[in-house]
Amino acid sequence: SAVHVLNGPNLNLLGRREPAIYGTASLDDIRATLEKRCAERGVSLVFRQSNHEGDLVDWIHEAGSAGAPVILNAGALTHTSIALYDAIKGAEAVVIEVHLSNVHARESFRSHSYISPAARGVIAGFGALSYILALDAVFENELRKS
Ligand code: DQA
2 SAVHVLNGPN
12 LNLLGRREPA
22 IYGTASLDDI
32 RATLEKRCAE
42 RGVSLVFRQS
52 NHEGDLVDWI
62 HEAGSAGAPV
72 ILNAGALTHT
82 SIALYDAIKG
92 AEAVVIEVHL
102 SNVHARESFR
112 SHSYISPAAR
122 GVIAGFGALS
132 YILALDAVFE
142 NELRKS
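In UniProt numbering, the protein residues as written are 2 to 147.
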């Protein structure tokens with residue numbers, strides 16, 4: 002089995018980008034932590050980042066077709082993208098929405114998510130730990146497309 006972790010715009014800057022908000026761990030650090038935890042379970046990890054909305058649409062379709070659960074940090078596309086909402090619905094992908102920051106404690110435009118209504122659950126505000134908590138949710142619930 003496989004877990005797909007998909008990251009949207011600007012998350013390639015993680016570690017250098019507004020560290021007071023997003024922490025000092027890089028996306029590679031997060032990948033390494035998740036890789037280790039997946040290896041312990043014999044689960045393979047697909048870990049990707051793109052600054053382009055269409056890449057994320059394609060990757061959600063791919064995970065949906067494979068019946069693989071998705072941990073999705075869509076970055077700012079969370080707040081703008083009907084295309085990602087439609088991709089999740091269309092591909093019947095099982096998605097856990099994650100955010101490093103507590104989006105509800107920031108600018109009001111971050112409180113609305115187009116992803117949440119299509120997501121199985123949402124985890125926000127725990128920095129890099131948000132991803133680990135999401136992975137635990139995948140493991141505990143054996144989440145996959147039924
Ligand atoms: C984010 C929160 C978004 O509002 C922001 O645009 C990001 C990162 C987070 O992980 O906290 O790029 O998704």
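The C-beta atom is built at its ideal place from N, Cα and C for all residues, glycine as well.
Only a predicted model underlies this, so the values are computations on that prediction, with no experimental measurement involved.
**Study point:** Start and end residues, alpha helix (DSSP H) containing Y14
**Key:** For the purposes of this step, residue 14 is identified with residue 13 of the sequence shown, where counting begins at 1. In the sequence as displayed, the identity of residue 14 is Leu instead of Tyr. That residue, L14, is in no alpha helix (DSSP H); it is neither H nor E in DSSP.
Review point. At a cut of 8 Å, does the stretch 114-127 reach the stretch 96-104 through at least three beta carbon pairs?
Key: yes
Practice item. Return the residue from the list R49, A77, A84 that minimises the CA-CA distance to residue 171. Key: In this structure the chain extends from 2 to 147, so residue 171 is not present and cannot be described.
Exercise for review: Kindly indicate which three-state DSSP category H80 falls into: helix, strand or coil?
Suggested key: Reading the sequence shown from its first residue, position 79 is the one you call residue 80. H80 falls in the helix class under three-state DSSP.
Review point. Going straight from the alpha carbon of A119 to that of L12, what length do you get?
Key: Taking the first residue of the sequence shown as 1, we reach residue 119 at position 118. Taking the first residue of the sequence shown as 1, we reach residue 12 at position 11. Their Cα atoms are separated by approximately 22 Å.
Practice item. Go ahead and pull the three-state DSSP assignment for H5. Key: Within the sequence shown, numbered from 1, the residue matching residue 5 stands at position 4. Looking at H5 - three-state DSSP - the assignment turns out to be strand.
Point to revise | Sub-7 Å separation of H62 and A92 beta-carbons | key: Within the sequence shown, residue 62 is the residue found at index 61, counting from 1. Within the sequence shown, residue 92 is the residue found at index 91, counting from 1. Yes, the pair counts as a contact, with Cβ atoms nearer than the cut-off.
Exercise for review: State yes or no: is the C-beta of A77 nearer than 6 Å to some heavy atom of ligand 1?
Suggested key: To locate residue 77, count along the sequence shown from 1; it is residue 76. Yes, ligand 1 has a heavy atom inside 6 Å of this Cβ.
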